[in-house]
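To start, the structure under review is shown below, and the notes come after it.
Residue numbers (my numbering), protein chains in the order written: chain A, 1 to 160; chain B, 161 to 594.
Take a look at the structure:
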């Protein structure tokens with residue numbers, strides 16, 4: 001089974017940047033209603049416009065190995081990066097995850113995210129892998145960042 | 161365990177031969193081990209044949225038209241009603257065909273709030289308002305919870321619930337405070353779709369009737385698995401789905417006592433369910449037609465009747481004994497694995513056809529994925545019983561649920577696949593699940 005790459009298992013057992021931290025600009029709570037997985041995610045952004053940078057992403061994720069590892073990789077890949085780069089990473093992750101195994105993913109863009117390539121062959125698990133990402137883009141929007149250039153991930157969460 | 165199974169190997173092979181889907185493979189050529197019949201059962205050939213024959217030979221909109229096909233379709237549909245009714249010990253006109261069990265439960269919940277103040281005369285049993293109470297339980301499927309939450313919201317009535325104890329049974333210690341003169345309806349499941357717990361319907365119904373409450377029973381997980389006779393069950397209404405009892409998707413059943421169906425306001429309205437229509441108002445046909453608006457799901461009802469005949473051919477008591485043996489075997493197998501915690505009644509307690517469990521440290525989705533990789537199909541998640549999972553302290557569980565075509569070898573296949581879970585996720589299997 002190519003789903004449970006070592007990287008995914010590692011991230012799920014020891015998620016990076018886990019826990020909720022201050023300061024933050026927005027906090028969201030997203031759920032996967034089919035299985036009850038939940039993520040509470042905070043984002044802290046500095047600067048504006050093209051100079052805006054994701055200074056921190058902190059989260060509490062309760063769920064399967066895929067959703068927890070995905071939140072961990074997300075934090076790893078976007079903290080310290082410009083917002084436009086983070087959104088590019090999100091787009092690349094989303095494109096790979098929804099490709100039904102057709103897109104392998106570019107390690108230079110999504111880093112450890114390539115470990116999730118196998119998830120795209122299991123449609124029921126794509127939502128797990130996207131849970132953190134949809135929370136992240138929702139949090140960016142609530143923090144005042146214009147995310148209109150990105151595809152919708154049909155956020156189901158509520159702000160808290 | 162095999163020696164106590166009620167079906168011989170030959171009989172079981174013949175049963176399995178009725179299900180074409182059991183011959184297919186999944187995930188790179190593995191035999192399908194289908195342990196998700198609690199979600200939906202597979203359909204034996206006689207059911208598929210009956211549905212097809214209806215369309216090929218008799219297809220017409222029932223209860224309409226003067227032509228021969230319309231007569232035959234109507235006869236088939238009404239014969240299906242009689243077959244299903246007989247299976248649960250009811251007169252034919254007490255059976256209402258719905259889309260599914262969820263619609264059947266909503267039908268009753270809406271009958272309460274549709275008993276509007278302008279109706280005259282109206283039956284007080286169906287009138288709800290502030291100060292009235294609706295009682296449910298903490299182990300309900302969302303289908304027998306959310307409609308009652310909505311009814312409470314629409315009417316101002318208060319929703320209360322019976323909690324679940326640590327063994328997965330209803331905690332009835334506080335029932336006298338919960339079930340009172342204020343209670344207008346008590347809705348609960350016959351058999352839990354997660355825990356497998358079999359609730360004492362007759363006792364609970366007697367206590368509800370003593371305070372004047374109506375009793376609505378979710379029978380989705382009982383009718384396909386054990387003998388249900390509404391004449392002795394004690395309920396006023398039961399709801400069950402066709403697709404969980406070898407029948408087609410798209411047909412469910414509401415059974416209700418005739419005198420209640422007679423006074424209940426309709427849920428969905430439109431064609432078929434009327435008696436007389438003018439531009440100002442309408443009067444309604446007698447039950448069950450009053451609750452079957454629009455062209456009904458006749459082909460599915462005919463398929464469901466074929467499923468009932470197929471079940472009766474095997475005998476519901478033998479089906480129950482077969483599934484109970486497999487449940488027992490699985491529970492014993494799981495109890496030998498200290499890293500697995502089964503939720504619900506202990507080994508030996510009467511149970512429905514489902515066993516749900518937790519592997520501590522591994523999310524149910526991940527457990528299910530490893531099982532799926534071995535061709536073993538189970539359900540993972542909260543099984544539409546989210547409040548119950550909160551009460552159990554579990555985000556999600558893995559559930560194996562049985563049908564009559566399952567075998568001892570399939571239980572063994574599940575256990576063997578489950579043993580891969582600690583390997584994949586690096587669990588310490590000496591540690592006990594908490």
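Think of the CB as a built atom: it goes at the ideal place given N, C-alpha and C, for glycine as much as any other residue. Note that the coordinates shown come from a computational prediction; the quantities given were computed from them, not determined experimentally.
query                                                                                                                           : result
Other residues of its chain near residue 160 of chain A: CB distance less than 8 Å, five sequence neighbours each side excluded : Note that residue 160 of chain A scores a pLDDT of 34, beneath 50, so its modelled location is shaky; the value from the coordinates is reported in the next line. Contacts found: 27, 28, 29, 40.
Residue 479 of chain B - DSSP class collapsed to helix/strand/coil                                                              : helix
Residues in the stretch 46-80 of chain A having any Cβ partner in chain B nearer than 9 Å                                       : 62, 63, 64, 65, 66, 67, 68
is_contact[residue 106 of chain A, chain B] using C-beta, thresh 9 Å                                                            : no
Interface partners of residue 36 of chain A on chain B, CB under 7 Å                                                            : 541, 542, 546, 549, 555, 556
Contact set between residue 93 of chain A and chain B, taken where Cβ atoms lie within less than 8 Å                            : Ordered by position in chain B, no residue passes the 8 Å Cβ test against residue 93 of chain A, which lies about 19 Å from the chain.
Residue 295 of chain B in three-state terms, based on DSSP                                                                      : strand
Cβ neighbour criterion (16 or more within 10 Å) applied to residue 148 of chain A                                               : exposed
Alpha-carbon spacing of residue 14 of chain A relative to residue 174 of chain B, whole angstroms                               : 50 Å
Euclidean distance between Cα positions of residue 486 of chain B and residue 182 of chain B                                    : 18 Å
Delimiting residues of the beta strand (DSSP E) encompassing residue 517 of chain B                                             : 514-519
Pairwise C-alpha distance: residue 365 of chain B and residue 63 of chain A                                                     : 39 Å
For residue 247 of chain B, the three-state DSSP class (helix, strand or coil)                                                  : helix
Beta-bridge partners of residue 106 of chain A, as assigned by DSSP                                                             : In DSSP, residue 106 of chain A forms no bridge with anything.
Per-residue DSSP class, three states only, for residue 18 of chain A                                                            : strand
Three or more C-beta pairs below 8 Å linking the stretch 283-292 of chain B and the stretch 349-359 of chain B                  : no
Sub-9 Å separation of residue 61 of chain A and residue 68 of chain A beta-carbons                                              : yes
Bridge partner(s) assigned by DSSP for residue 434 of chain B                                                                   : B:444
Cβ of residue 524 of chain B within 9 Å of any chain A Cβ                                                                       : yes
CB contact check: residue 125 of chain A to chain B, cutoff 9 Å                                                                 : yes
Cross-chain neighbours of residue 96 of chain A in chain B, by beta carbon under 9 Å                                            : Within 9 Å Cβ-Cβ: nothing; residue 96 of chain A doesn't reach chain B, min ~19 Å.
Delimiting residues of the beta strand (DSSP E) encompassing residue 13 of chain A                                              : Unbroken run through residue 13 of chain A is the alpha helix (DSSP H), 6-13; no beta strand (DSSP E).
Beta-carbon proximity list for residue 152 of chain A, same chain, < 7 Å, skipping 5 on both sides                              : Because residue 152 of chain A carries a pLDDT of 49, less than 50, the predicted location of this residue cannot be relied on, and the following value inherits that uncertainty. Correct list: empty, nothing qualifies.
Neighbouring residues, chain A, relative to residue 533 of chain B (Cβ below 9 Å)                                               : 1, 3
Contact with chain A by residue 530 of chain B, beta-carbon distance below 9 Å                                                  : yes
Cβ contact check for the stretch 225-240 of chain B and the stretch 452-466 of chain B: 3 or more pairs under 8 Å               : yes
Residues bridged to residue 62 of chain A [DSSP beta-bridge criterion]                                                          : A:38
Selected residue, minimal CA-CA separation from residue 547 of chain B, among B:426, B:304, B:188                               : B:304
Cutoff 6 Å; reference residue 307 of chain B; Cβ partners in own chain excluding five residues on either side                   : 265, 266, 269
For residue 526 of chain B, the first and last residue of its enclosing alpha helix (DSSP H)                                    : 524-533
Minimum C-alpha distance to residue 415 of chain B - residue among B:261, B:367, B:331                                          : B:261
Residues near residue 12 of chain A by beta carbon distance below 6 Å, same chain, minus five either side                       : 65, 68, 69
Assigned exposure category for residue 19 of chain A - 16 Cβ within 10 Å defines buried                                         : exposed
Euclidean distance between Cα positions of residue 108 of chain A and residue 580 of chain B                                    : 34 Å
Limits of the beta strand (DSSP E) - the one that residue 258 of chain B falls within                                           : 255-258
Top-ranked residue by Cα proximity to residue 114 of chain A, from A:128, A:34, A:93, A:86                                      : A:93
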